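*Asks:* Mind having a look at this structure? Questions to follow.
Chains as they are written, first to last, in the working numbering: chain A, 1 to 233; chain B, 1 to 233.
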């Protein structure tokens, strides 16, 4: 039986062997939700970038600068971190340079894995099918918030563990904890998340609509995948 | 309102400021359960020691060597890591030198806090009352398993958060996650923990009786407290 494990914070990555695993990076609010949305609407590529300067450098090479710091759009950037900015005809064919507080850092730490894919509730069933049919053991890497564990990424991890429970065995206690939390929350995830620190932070930024969208399963089928440091559909 | 936070693994300690907090170190299976049991039965002091050699050095100074590595008693040590070894008249007045895989490492990393106390289900209500009446914000440090998050320590953290929910506000998402898990588990914690990796590991060592005892609330009232590197009642 293949195994599934969950790394609840990028700060715990050194505890997990990733060379032979498929790593799923998740940052529900909102980096990986944006990425999935962007690919579903036809962007050409997304280059995850750890810092702002590097992102701005890529702008001179024709990339569209995207992302956030502390939940807010970066001054001088073309796009922020709301999935609604990555919809419609105008994103088709774009090359995005993307940097966020947590999500792109988690991708950075996942390099070295056998393969790295991008997960969100928006492409949940596609991710679950992909992992089921793949040959590798699985590690879900939650981006968290500045190294701390967060609820929304943990819920996504729990959803994957729950849906694969008859096929992939948990490697440790973190997948079990995530699975329990998902089963408590799944009836109304928005309500469950209302007390969460990041949702409170985001509600202050008036993006309740983003939050509702980001926890809606199966809007898209695309699975972004990292190849030579660049995400492709 | 005072705040309460939960550090789910000692590997995340650098993310938390501890100078002004009361830190509760917890290693339910079984280090902190042993420590509480030992003080309840009259040991004089427990000196937490990070490695085996240091522990054996203290033996020459009249200390009783105690603890485990990978769940098993250490060769040449006087006592192992079962709470039942720390009961009865024969432990009264002893000075213990204690080292375990996870618990004593978590204590080591908590030095520098305003104060450090030892928690377990066995002294749960005493710990809750102490935190309620104290002036400091609270951080519960889960010892985990070799850096990874475990269920049993998280449940204890959740029990404390739940019991103090009207008095101490959560600082982050980890206390909320722990609280939800405790509320799922509290009806039958032994059953809830049956799937946990550490409980499976311990069941292979035939210590089901230890596990049942270690999740029984309120057997003792004592609160061990760290003073100059030594635990006292």
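Cβ coordinates follow ideal geometry from the N, Cα and C atoms, glycine included. Bear in mind that the values here come from a model prediction, so they are computed numbers and not experimental data.
Going along chain A in order, which residues have a C-beta closer than 8 Å to the C-beta of residue 148 of chain B?
*Replies:* 12, 15, 172, 173 and 174
*Asks:* Let's test the definition: count the other Cβ atoms within 10 Å of the Cβ of residue 60 of chain A and tell me whether it reaches 16, buried, or not, exposed.
*Replies:* exposed
*Asks:* Taking the beta strand (DSSP E) that residue 199 of chain B falls in, what are its first and last residues?
*Replies:* Boundaries around residue 199 of chain B are those of the alpha helix (DSSP H), 197-204, since no beta strand (DSSP E) includes it.
*Asks:* What whole-angstrom Cβ distance do residue 12 of chain A and residue 63 of chain A have, given they're in contact under 8 Å?
*Replies:* Not confirmed; about 31 Å, so no contact.
*Asks:* Quick check: what's the CA-CA separation for residue 177 of chain A versus residue 7 of chain B?
*Replies:* Roughly 15 Å between the two C-alpha positions.
*Asks:* According to DSSP, is residue 45 of chain A part of a helix, a strand, or is it coil?
*Replies:* strand
*Asks:* Taking Cβ positions only, does residue 208 of chain B come closer than 8 Å to chain A?
*Replies:* no
*Asks:* Please check if any C-beta of chain B sits within less than 8 Å of the C-beta of residue 159 of chain A.
*Replies:* No, its Cβ sits nowhere closer than 8 Å to a Cβ of chain B.
*Asks:* Report all residues from its chain with a CB closer than 8 Å to the CB of residue 222 of chain B; omit the five preceding and five following residues, and keep chain order.
*Replies:* These residues qualify, in order along the chain: 36, 39, 40, 123, 126 and 233.
*Asks:* Which residues, in order along the stretch 86-107 of chain B, keep a beta-carbon less than 9 Å from a beta-carbon of chain A?
*Replies:* Flagged: no residues at all.
*Asks:* Tell me whether residue 137 of chain A sits in a helix, a strand or coil according to DSSP, three-state version.
*Replies:* strand
*Asks:* Any beta carbon of chain A sitting closer than 8 Å to that of residue 154 of chain B?
*Replies:* yes
*Asks:* Using the Cα positions of residue 33 of chain B and residue 46 of chain A, report the straight-line distance between them to the nearest angstrom.
*Replies:* 50 Å
*Asks:* In terms of residues, what are the limits of the alpha helix (DSSP H) holding residue 194 of chain B?
*Replies:* Per DSSP, residue 194 of chain B belongs to no alpha helix (DSSP H) and is neither H nor E.
*Asks:* Would residue 9 of chain A pass as a contact of residue 148 of chain A if the rule is Cβ separation under 8 Å?
*Replies:* yes
*Asks:* Apart from the five residues just before and just after residue 154 of chain A, which ones in its own chain have a Cβ nearer than 7 Å to its Cβ?
*Replies:* Around residue 154 of chain A: 8, 142, 178 and 181.
*Asks:* When burial is assigned at 16 or more other CB atoms within 10 Å of the CB, is residue 198 of chain A buried or exposed?
*Replies:* buried
*Asks:* Should residue 180 of chain B be flagged as near chain A, meaning a C-beta pair shorter than 8 Å?
*Replies:* Judged by the 8 Å Cβ criterion, residue 180 of chain B is in contact with chain A.
*Asks:* What does residue 184 of chain A touch in chain B if you count any residue whose Cβ is under 7 Å from its own?
*Replies:* 180 and 184
*Asks:* Indicate whether residue 162 of chain A and residue 183 of chain A have their beta-carbon atoms separated by less than 8 Å.
*Replies:* Annotated as proximal: residue 162 of chain A and residue 183 of chain A, with beta-carbon spacing under 8 Å.
*Asks:* Can you look up residue 171 of chain A in the DSSP assignment and give me helix, strand or coil?
*Replies:* coil
*Asks:* I'd like the ranges of any beta strand (DSSP E) spanning at least 3 consecutive residues and lying wholly in the stretch 86-123 of chain B.
*Replies:* 95-99 and 115-119
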